[in-house]
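Novice: Take this structure first; my questions come after.
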Amino acid sequence: MQRPGSISPWRLLAPMLAIMAAVVGYPVVQTIALAFTDARLLGGLGSAHWVGLDNFIYALTDANFLSATAHTLYFAILSVGFETLFGVLVALLLNEKFRGRTVCRALLVLPWALPTIVNAIMWRLIYQPDFGVLNAVLTQTGVLSGYRGWLGDPDSAMNAVVLADVWKNYPLVALIVLAALQNAPADLYEAARLDGAGAFRRFQVVTWPVIAPPLLVAIVLRSIEALKVFDIVYVMTRGGPASATKTMSFFVYEESFRFLRVGSGASYALIVVLICMVLVTVYMRLLRHGQPA
Amino acid sequence: MKRSRLASTLLYAAVLLFVLVTLAPVAWLLILSLSPPADLTAKPLRFIPSQIDLSHYRRLLDFGANTPGEAFLLGLRNSLGASVGATLVSMLVSIPAAWAFARYRRRAVTATLYVVLATYMTPAVALVLPLYFMLSALHLLNSVTGLIIVYCAILTPFTAWFIKSAFDALPDEIEQAAAMDGAGVFKTLLYVSLPLARAGIATAALFALLLAWDEFFFALLFTSNADAKTLTVTIADFAAGRATDFGLVAAAGLLTALPPVLIAFGLQKALISGLTTGGVKG
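So the protein sequences, as listed, match chains A and B.
Heads up, the first sequence is in our numbering, so the first residue is 2 and it goes up one at a time.
Heads up, the second sequence is in our numbering, so the first residue is 52 and it goes up one at a time.
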């Protein structure tokens with residue numbers, strides 16, 4: 002539509018762009034600059050020296066950072082994988098007609114709305130090694146012979162964090178898929194059924210094409226979030242035990258705010274950003290094609 | 052189409068499992084918060100409290116020097132201040148911007164819209180160090196004002212994107228009619244578009260509040276004591292360490308979760324449409 006009246010859009014955009022430039026644009030540029038220096042948190046920026054690519058070379062040859070990268074990928078693949086699986090299954094379930102369906106759909110919002118920190122605290126309490134309910138239930142039903150420190154054991158800590166993350170975040174996938182399912186053409190199901198298509202074939206031919214595009218958006222969105230994971234790890238394990246749950250964002254945090262090596266921290270941060278940016282690009286393409294902008 | 056008996060049974064079994072898995076963790080938090088302290092460390096564990104004990108809630112809502120209540124209530128104050136403040140600032144700047152995004156189809160404007168969206172996805176770690184130096188230079192570390200400023204980095208791209216879709220949904224004719232009556236752009240926006248899009252704008256504001264309320268990373272790094280620590284940081288402090296008061300932590304967690312959960316239940320329909328247009332992220 003042609004604009005009634007004539008005013009430059011930039012006058013309307015200016016206040017927002019000014020704020021964004023101050024709190025996003027300028028910081029991003031400065032992070033890039035910092036990554037090439039040996040700046041320290043307390044020395045201020047004045048004492049920083051240009052060190053070229055040293056930080057990046059150090060980061061990419063640092064076994065600890067590489068293992069943090071591996072932990073992050075493990076977390077992202079496992080949690081997004083299960084969130085997708087449970088998201089689709091629960092969406093299909095709640096798309097069926099049954100009594101109490103409306104209540105169940107409302108219930109799906111509960112984990113989504115729970116603040117990440119509260120979710121992390123809740124699962125920390127559930128996993129608590131001495132008095133936690135998980136240990137109590139598993140031993141009292143005879144599944145486990147004794148109490149375990151779920152978050153204290155390097156073998157189980159990351160999986161325990163993943164479970165907590167999946168519980169909170171699969172509803173996002175389920176809600177998106179459920180909304181898509183409601184747009185699925187009912188007469189097509191009927192036609193497929195009359196043609197003698199079995200349940201699996203009906204899913205493949207009728208359901209899947211309807212849910213696949215929004216599902217893809219949800220997966221990309223969740224992957225971006227999972228790759229920058231910090232909050233849940235901070236509260237549940239602080240990166241431990243023995244660095245088993247230390248993720249890339251946690252590494253940036255420690256390098257910058259515990260060891261005060263801001264320049265090096267910035268280079269880690271940029272690596273996180275680059276990995277996320279790949280997915281952000283995919284996401285924007287999906288959105289641009291998905292809706293008539 | 053009628054279901055067979057077997058299919059029906061399986062369906063209801065699956066529904067039951069879903070309800071159980073969704074409710075059990077939160078129910079356990081509620082039980083912890085209402086149990087007398089002795090129950091929480093009993094072995095074998097008591098699954099049903101021996102009596103309903105409100106002492107954890109009472110301690111949280113009781114304001115005394117150096118008590119958990121003081122930390123919690125000051126955290127509540129700071130969270131409210133930071134969330135409401137950042138939401139107000141974000142709404143103020145993103146309403147005109149969203150309207151420009153919705154009404155001007157120039158290439159540069161659309162490109163800007165996508166830059167804003169990319170900003171929304173930018174990891175906080177990319178901003179945190181310069182923001183730290185910035186707040187430090189402005190003497191705004193450990194202040195609610197400082198949090199309001201940095202929260203705009205998270206809220207503004209979201210509100211701009213969300214409100215744009217609210218304006219997109221308005222019929223063009225009404226604005227054109229206003230323009231023909233000689234109303235300028237600002238008048239049209241203020242008296243015609245804004246009231247018509249008020250439901251969408253209110254929804255954006257509520258989601259922005261949710262985003263700010265949940266924020267943890269910036270608050271953790273930019274605050275250091277009860278002057279500015281938000282609820283998320285305060286309750287994370289409560290939960291840290293081995294010898295924690297489980298009942299108190301559970302009660303604090305539930306109280307912190309209450310406002311967003313209520314908002315989310317109230318906004319269910321808007322939430323789902325927001326999710327499907329990509330405006331709301333996890």
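We treat Cβ as the ideally placed atom computed from N, Cα and C, and that holds for glycine.
Do you know whose CA, among L111(B), A234(B), T283(B), L91(B), lies nearest Q102(B)'s CA?
Specialist: Looking up residue 102(B) in the second sequence gives position 51. Measuring from the Cα of Q102(B), the nearest candidate turns out to be L91(B).
Novice: Given this structure, state the Cα-to-Cα distance separating L275(A) from T32(A), to the nearest angstrom.
Specialist: Mapped onto the first sequence, residue 275(A) falls at position 274. Mapped onto the first sequence, residue 32(A) falls at position 31. One C-alpha to the other measures close to 13 Å.
Novice: According to DSSP, simplified to helix, strand and coil, what is R41(A)?
Specialist: Sequence index remark: in the first sequence, residue 41(A) carries index 40 (1-based). Strand, per DSSP.
Novice: Taking S141(B) and T207(B) to be in contact with their CB atoms under 8 Å, please state how far apart those CB atoms are, rounded to whole angstroms.
Specialist: In the second sequence, counting from the first residue as 1, residue 141(B) sits at position 90. In the second sequence, counting from the first residue as 1, residue 207(B) sits at position 156. Contact flag correct, Cβ pair sits at about 5 Å.
Novice: Does DSSP put W151(A) in a helix, in a strand, or in coil?
Specialist: For this step, residue 151(A) is matched to residue 150 along the first sequence. Correct three-state label for W151(A): coil.
Novice: Determine whether the Cβ of F83(A) lies closer than 8 Å to any Cβ atom of chain B.
Specialist: Translated into positions along the first sequence, residue 83(A) becomes position 82. Judged by the 8 Å Cβ criterion, F83(A) is not in contact with chain B.
Novice: At which residues does the alpha helix (DSSP H) containing G88(A) begin and terminate?
Specialist: Reading the first sequence from its first residue, position 87 is the one you call residue 88(A). First-last of the alpha helix (DSSP H) with G88(A): 64–96.
Novice: Out of curiosity, what's the CA-to-CA distance linking W209(A) and A60(A)?
Specialist: Position 208 of the first sequence, counted from the start, is the residue given in the question as residue 209(A). Position 59 of the first sequence, counted from the start, is the residue given in the question as residue 60(A). W209(A) and A60(A): Cα-Cα distance of roughly 42 Å.
Novice: Please tell me whether W209(A) has its Cβ less than 8 Å away from any Cβ of chain B.
Specialist: Residue mapping note: residue 209(A) aligns to position 208 of the first sequence, counting from 1. Chain B contact via Cβ: absent.
Novice: Kindly indicate which residue of W264(B), G233(B), G132(B), V144(B) has the alpha-carbon position closest to the one of R12(A).
Specialist: Position 11 of the first sequence, counted from the first residue, corresponds to residue 12(A). Checking every option, the nearest Cα to that of R12(A) belongs to V144(B).
Novice: Could you name the residues of the same chain whose beta carbon sits closer than 7 Å to that of L127(B), not counting the 5 residues immediately before and after it, in chain order?
Specialist: The residue labelled residue 127(B) in the question sits at position 76 within the second sequence. Hits under 7 Å: L282.
Novice: Report the residues of the segment 239–257 of chain B with a CB closer than 9 Å to any CB of chain A, ordered along the chain.
Specialist: Those residues of the segment 239–257 of chain B that come within reach of chain A (Cβ to Cβ, closer than 9 Å) are T239, L240.
Novice: S145(B) versus chain A: which residues are under 7 Å apart at the beta carbon?
Specialist: Stepping through the second sequence from its first residue, residue 145(B) is reached at position 94. Those are M17, listed as they occur along chain A.
Novice: Under three-state DSSP, which class holds M2(A)?
Specialist: In the first sequence, the residue the question calls residue 2(A) occupies position 1. Caution is warranted here: a pLDDT of 44 is assigned to M2(A), below 50, making its placement in the model unreliable, and no coordinate value can be reported.
Novice: At a cut-off of 7 Å, would you count F132(A) as near the ligand NAD, judging by its Cβ distance to the nearest heavy atom?
Specialist: Looking for the ligand NAD in the displayed structure turns up nothing, as the structure carries no ligands at all.
Novice: Kindly say whether Y108(B), judged by its beta-carbon, lies nearer than 8 Å to any beta-carbon of chain A.
Specialist: For this step, residue 108(B) is matched to residue 57 along the second sequence. False, the Cβ-Cβ gap to chain A never drops below 8 Å.
Novice: Rounded to whole angstroms, what's the CA-CA distance from A243(A) to P155(A)? Just pull it up for me.
Specialist: Here the question's residue 243(A) lines up with position 242 in the first sequence. Here the question's residue 155(A) lines up with position 154 in the first sequence. One C-alpha to the other measures close to 7 Å.
Novice: Tell me which same chain residues have a C-beta within less than 6 Å of the C-beta of V195(B), skipping the five on either side of it?
Specialist: Taking the first residue of the second sequence as position 1, residue 195(B) is located at position 144. Closer than 6 Å at the Cβ level, and outside the excluded window around V195(B), lie N129, G132, A133, A279.
Novice: Enumerate in chain order the residues of its own chain whose CB-to-CB distance from R262(A) is below 7 Å, with the five nearest sequence positions on each side excluded.
Specialist: Along the first sequence, one-based indexing puts residue 262(A) at 261. R41, E256.
Novice: Exposed or buried, which one is M334(B) when buried takes at least 16 other CB atoms within 10 Å?
Specialist: Nothing can be reported for residue 334(B): it is not among the residues displayed for chain B, which extend from 52 to 333.
Novice: Keeping to the same chain, check which residues put their C-beta closer than 8 Å to that of W113(A); ignore five residues upstream and five downstream.
Specialist: For the purposes of this step, residue 113(A) is taken as the residue at position 112 of the first sequence. Contacts found: K169, N170, P172, L173, L176.
Novice: Taking its Cβ as the centre, do 16 or more other Cβ atoms sit within 10 Å of N136(A), making it buried, or is it exposed?
Specialist: Taking the first residue of the first sequence as position 1, residue 136(A) is located at position 135. By the neighbour-count rule (16 or more Cβ atoms within 10 Å), N136(A) is buried.
Novice: DSSP has W51(A) in a bridge; who is on the other side?
Specialist: Position 50 of the first sequence, counting from 1, holds the residue named residue 51(A). Looking at the DSSP assignment, W51(A) forms a beta bridge with T38(A).
Novice: Alpha carbon to alpha carbon, how far is F123(B) from N117(B)? Give it in angstroms, no decimals.
Specialist: For this step, residue 117(B) is matched to residue 66 along the second sequence. For this step, residue 123(B) is matched to residue 72 along the second sequence. Using only the alpha carbons, I get a separation of about 11 Å.
Novice: Roughly how many angstroms lie between the CA atoms of L297(A) and L191(B), to the nearest whole one?
Specialist: Beyond the ends of chain A as shown, which are 2 and 294, falls residue 297(A); an answer cannot be given.
Novice: Report yes or no: is there a C-beta of chain A within less than 8 Å of the C-beta of I99(B)?
Specialist: Numbered from its first residue, the second sequence carries residue 99(B) at position 48. Not one chain A Cβ lies under 8 Å of I99(B).
Novice: Quick one: does Q102(B) have its CB under 8 Å from some CB of chain A?
Specialist: Residue numbering aside, residue 102(B) sits at position 51 when the second sequence is read from its first letter. Q102(B) does not count as touching chain A.
Novice: With 16 as the cutoff for other CB atoms within 10 Å, does N65(A) come out buried or exposed?
Specialist: Taking the first sequence and counting its residues from 1, the one referred to as residue 65(A) is at position 64. Looking at its Cβ environment, which holds fewer than 16 other Cβ atoms inside 10 Å, N65(A) is exposed.
Novice: Start and end of the alpha helix (DSSP H) containing D166(A)?
Specialist: Here residue 166(A) refers to the residue found at position 165 of the first sequence. 158–182 is the span of the alpha helix (DSSP H), which, as asked, contains D166(A).
Novice: Please report how far the alpha carbon of A158(A) lies from the alpha carbon of T238(A), in whole angstroms.
Specialist: Locating residue 158(A) in the first sequence gives position 157, counting from the first residue. Locating residue 238(A) in the first sequence gives position 237, counting from the first residue. So the alpha carbons of these two residues sit roughly 8 Å apart.
Novice: What residue range does the alpha helix (DSSP H) around G120(B) cover?
Specialist: Here residue 120(B) corresponds to residue number 69 of the second sequence, with the count starting at 1. Here the alpha helix (DSSP H) through G120(B) covers 119–154.
Novice: Taking A259(B) as the reference, give the member of A234(B), R56(B), I199(B) with the closest Cα.
Specialist: As a working mapping, residue 259(B) is identified with position 208 in the second sequence. Among A234(B), R56(B), I199(B), the Cα nearest to that of A259(B) is on I199(B).
Novice: Could you list which residues in chain B have their beta carbon closer than 8 Å to that of L270(A), in chain order?
Specialist: For the purposes of this step, residue 270(A) is taken as the residue at position 269 of the first sequence. Before going further, note that residue 270(A) is Ala rather than Leu in the sequence given. Near A270(A) (Cβ distances below 8 Å), the residues of chain B are P174, V176, A177, V179, L180.
Novice: Tell me the DSSP secondary structure of S324(B) in three-state form.
Specialist: By one-based count along the second sequence, residue 324(B) stands at place 273. The answer is helix: DSSP assigns S324(B) an H, G or I state.
Novice: Do we get a CB-CB distance below 8 Å when we pair I199(B) with the residues of chain A?
Specialist: Position 148 of the second sequence, counted from the first residue, corresponds to residue 199(B). Taking Cβ atoms only, chain A never reaches closer than 8 Å to I199(B), which makes this a no.
Novice: Report the start-end ranges of each alpha helix (DSSP H) in the segment 200–246 of chain B that is 4 residues or longer and not cut off at the edges.
Specialist: Runs found: 223–231.
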